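Input: a single structure, listed below in structure tokens.
2 protein chains.
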Amino acid sequence: MGVSVKEVAKRAGVSVGTVSNVLNRPESVRADTIDRVNAAIAELGYVPNDAARQLRAGQSTQIALLVLDIGNPFFADVARGAERQAALTGHTVLLANSDDSHEREAAHLDQFERQRVAGVLLVPSDDAADRVARLRERGIPVVLVDRGTADSSVASVAVDDVVGGKTAAQHILDQGRRRIVFVGGPLAIAQARDRLAGAQEAVDAVDGASLDILETTSLSLEQGMAAGARIQELVAEGKCDAVFAANDLLAIGLQQSMLTGAGRVTIPGDVVMVGYDDISFAAAAVVPITSVRQPRERIGSTAVELLMKERDAADGAVREHVLFQPELVVRASSTAQ
Amino acid sequence: MGVSVKEVAKRAGVSVGTVSNVLNRPESVRADTIDRVNAAIAELGYVPNDAARQLRAGQSTQIALLVLDIGNPFFADVARGAERQAALTGHTVLLANSDDSHEREAAHLDQFERQRVAGVLLVPSDDAADRVARLRERGIPVVLVDRGTADSSVASVAVDDVVGGKTAAQHILDQGRRRIVFVGGPLAIAQARDRLAGAQEAVDAVDGASLDILETTSLSLEQGMAAGARIQELVAEGKCDAVFAANDLLAIGLQQSMLTGAGRVTIPGDVVMVGYDDISFAAAAVVPITSVRQPRERIGSTAVELLMKERDAADGAVREHVLFQPELVVRASSTAQ
DNA sequence: CGCCGTTGATGAAACGATTCAAGTGGGTTC
DNA sequence: GAACCCACTTGAATCGTTTCATCAACGGCG
Numbered sequence: 001m002g003v004s005v006k007e008v009a010k011r012a013g014v015s016v017g018t019v020s021n022v023l024n025r026p027e028s029v030r031a032d033t034i035d036r037v038n039a040a041i042a043e044l045g046y047v048p049n050d051a052a053r054q055l056r057a058g059q060s061t062q063i064a065l066l067v068l069d070i071g072n073p074f075f076a077d078v079a080r081g082a083e084r085q086a087a088l089t090g091h092t093v094l095l096a097n098s099d100d101s102h103e104r105e106a107a108h109l110d111q112f113e114r115q116r117v118a119g120v121l122l123v124p125s126d127d128a129a130d131r132v133a134r135l136r137e138r139g140i141p142v143v144l145v146d147r148g149t150a151d152s153s154v155a156s157v158a159v160d161d162v163v164g165g166k167t168a169a170q171h172i173l174d175q176g177r178r179r180i181v182f183v184g185g186p187l188a189i190a191q192a193r194d195r196l197a198g199a200q201e202a203v204d205a206v207d208g209a210s211l212d213i214l215e216t217t218s219l220s221l222e223q224g225m226a227a228g229a230r231i232q233e234l235v236a237e238g239k240c241d242a243v244f245a246a247n248d249l250l251a252i253g254l255q256q257s258m259l260t261g262a263g264r265v266t267i268p269g270d271v272v273m274v275g276y277d278d279i280s281f282a283a284a285a286v287v288p289i290t291s292v293r294q295p296r297e298r299i300g301s302t303a304v305e306l307l308m309k310e311r312d313a314a315d316g317a318v319r320e321h322v323l324f325q326p327e328l329v330v331r332a333s334s335t336a337q
Numbered sequence: 338m339g340v341s342v343k344e345v346a347k348r349a350g351v352s353v354g355t356v357s358n359v360l361n362r363p364e365s366v367r368a369d370t371i372d373r374v375n376a377a378i379a380e381l382g383y384v385p386n387d388a389a390r391q392l393r394a395g396q397s398t399q400i401a402l403l404v405l406d407i408g409n410p411f412f413a414d415v416a417r418g419a420e421r422q423a424a425l426t427g428h429t430v431l432l433a434n435s436d437d438s439h440e441r442e443a444a445h446l447d448q449f450e451r452q453r454v455a456g457v458l459l460v461p462s463d464d465a466a467d468r469v470a471r472l473r474e475r476g477i478p479v480v481l482v483d484r485g486t487a488d489s490s491v492a493s494v495a496v497d498d499v500v501g502g503k504t505a506a507q508h509i510l511d512q513g514r515r516r517i518v519f520v521g522g523p524l525a526i527a528q529a530r531d532r533l534a535g536a537q538e539a540v541d542a543v544d545g546a547s548l549d550i551l552e553t554t555s556l557s558l559e560q561g562m563a564a565g566a567r568i569q570e571l572v573a574e575g576k577c578d579a580v581f582a583a584n585d586l587l588a589i590g591l592q593q594s595m596l597t598g599a600g601r602v603t604i605p606g607d608v609v610m611v612g613y614d615d616i617s618f619a620a621a622a623v624v625p626i627t628s629v630r631q632p633r634e635r636i637g638s639t640a641v642e643l644l645m646k647e648r649d650a651a652d653g654a655v656r657e658h659v660l661f662q663p664e665l666v667v668r669a670s671s672t673a674q
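Here it is, written out as structure tokens:
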């Protein structure tokens, strides 16, 4: 169908081996031969066939990145970081979306196996341990992203969500607030669970402080808006003077619902609010939202670095775990007035 | 390295051809043979090698989708629609991000050529006509997405941005406003240009109505916030009583800047505001934003459909162009009070 | 003049799946 | 019992690259 090395070789009057050498080891080919071959390539419009190259090589140069939700700007930045780092070693990032569904996650991972990708960066939907084990058995290195070191046998890069949660709650307590409500979920998601656990630690250390939980079914804007109504009730009943949202999408939804609701709740007057992720919408909210920032691009690039180490390491090598520390970005939603 | 058909065949006591038949044409294989082969596959943990299959087939089952900005939730939805439709024909979507850069766009397209993808869905960064022509020469069908039918020789699916702009402006005029400011840019981007042109049409038809232009350097939240200051001046000078933003990111940034600025501008009292895209953040803004909705998922799924038609069509086939009509979603930001 | 080392080019084997013409065997028919 | 069918199976050829052992040419050297 397309133009192949064979035709380029004929055109340039050399053998196929030489064409391949021009492409991959030009230093071992005489300059005028190189020119002749390149001329033939240009004239014929030859484009190498990756499938053939890959078949011979035994593995692709693609690194798969499977995220929970491409709609979340957080993951877009992680992907950017990964792409940048991958490019350094001639790799390419294959971006896929599991939409938090086990089925889709499994389907994508199957596909990656068939493609013999160079590695998988996985933001696991829940407990993907067996799937991961299977990939590793097949010789495909895996790095877990944005997920604590629950399973220490797999390399991972994450941000310490427990510390993040603790920092957020501590900041709220420092503002003098005592009746905190955590909004987030489902708690089956490790990120939500860890952030909550961290917040609990901080709250437990302060007498008279309480932490209630308002569990949501997803970490989305819509769920945030829905939860807003309940928060307003709690505020009216004097049971809530601060909200810690498991991510910024929730926080934005909450804020909208609370500011426009019948309850006339003010932020940060009635309720201090802290979010998580520091996506750009957080700073652009009407009351800019204090948020826990994660080094998003850095997470992506580090994940690729770990993947390369995994690949190069001998089988029984020690798995590396990178844990970044989050950073609190204080804005108007939590600044005492 | 991995397990291949050959080993499965040996284990099951059949030939490689039979294993292949079990996988691809089970109806032509006896039931007990199928069982035996499947057992061998399970025991050995065999996973087909896509590269080999693809090499033989001459083309991959991946459809590439190259967007301007994965960070924009709009494209996430387009991708979702494309993925859903592609799955119906056993295809897979390869998502890539050009970040509005010609270089990255070119690099990705080169990569797609090497991979012999089944087709490319392209949101062109600017004028990608020659790149597209080249892909088509190589036998790779292309569908332009979210881009008018500037080049009628390439199939395309888009939303009528001129109509969308006109609808938005007409709605503003219907609210009795006459001093409209269009915020968006750069005007080199077709989407921005077309939306402006549509608005101009509507304004021209009404005596005493004016349309000023505030050009931005990108369609981002940050640019919206920056433009907000200027809008407040114009409002103070009595030169602006309505804003039409080229997309919702801008609108959200504008709103935040205007509502919290020193000018104490109210929405929709002082300024009526209309955005574009109807991303979920628009409905969640403090003053929910009236916006022009595009059938996002539908754009993605239709693009894949067109791609399949392109592929099946004879060489000289007529290129199809689908143009969806946008829909105005009215919310508080433009509702007279 | 013959030998050797070096540099560069060659061409066949291999990667793993699919395809398809050819083959095998068992059953049916006359 | 020969001829023929039908339903499966077989196995070699093929896809486009890369790799590597082998080979050719040439210049230098004794």
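Chains as they are written, first to last, in the numbering used here: chain A, 1 to 337; chain B, 338 to 674. Every residue, glycine too, gets a C-beta built ideally from N, C-alpha and C. Only a predicted model underlies this, so the values are computations on that prediction, with no experimental measurement involved.
Compute the beta-carbon to beta-carbon distance between residue i and residue j, rounded to the nearest angstrom, for a pair I have assumed lies under 8 Å.
i	j	result
residue 597 of chain B	residue 286 of chain A	6 Å
residue 572 of chain B	residue 627 of chain B	Incorrect: roughly 18 Å between the Cβ atoms, too far for contact.
residue 567 of chain B	residue 551 of chain B	6 Å
residue 122 of chain A	residue 145 of chain A	6 Å
residue 535 of chain B	residue 499 of chain B	4 Å
Of all the CB atoms in chain B, is at least one closer than 8 Å to the CB of residue i?
i	result
residue 260 of chain A	yes
residue 121 of chain A	no
residue 95 of chain A	yes
residue 92 of chain A	yes
residue 88 of chain A	no
Give the interface partners of residue i over in chain A, defined as CB-CB distance under 7 Å, in chain order.
i	result
residue 410 of chain B	71
residue 593 of chain B	284, 285 and 286
residue 413 of chain B	70 and 71
Counting only Cβ pairs nearer than 8 Å, list the residues of chain B close to residue i.
i	result
residue 48 of chain A	451
residue 338 of chain A	This structure cannot speak to residue 338 of chain A, because chain A is shown only from 1 to 337.
For residue i, go through chain A and note every residue whose CB falls closer than 8 Å to its CB, in chain order.
i	result
residue 392 of chain B	49, 51, 52 and 55
residue 475 of chain B	2, 45 and 47
Would you please verify whether the beta carbon of residue i is less than 8 Å from any beta carbon of chain A?
i	result
residue 448 of chain B	yes
residue 554 of chain B	no
residue 397 of chain B	yes
residue 562 of chain B	yes
residue 472 of chain B	no
residue 416 of chain B	yes
Quick check on DSSP: helix, strand or coil for residue i?
i	result
residue 584 of chain B	coil
residue 155 of chain A	strand
residue 391 of chain B	helix
residue 557 of chain B	coil
residue 234 of chain A	helix
residue 210 of chain A	strand
residue 335 of chain A	coil
residue 119 of chain A	strand
residue 404 of chain B	strand
residue 504 of chain B	helix
residue 465 of chain B	coil
residue 396 of chain B	coil
residue 330 of chain A	coil
residue 92 of chain A	strand
residue 29 of chain A	coil
residue 309 of chain B	This structure does not reach residue 309 of chain B, given that chain B is present from 338 up to 674, and the question cannot be answered.
residue 415 of chain B	helix
Which chain B residues sit within Cβ distance under 9 Å of residue i?
i	result
residue 221 of chain A	617, 618, 620 and 621
Can you give, in chain order, each stretch of the beta strand (DSSP E) that sits fully within the segment 246-324 of chain A and has at least 3 residues?
272-277, 290-293 and 321-324
Going residue by residue through the segment 512-544 of chain B, where are the continuous beta strand (DSSP E) segments of at least 3 residues, counting only ones entirely within it?
516-521
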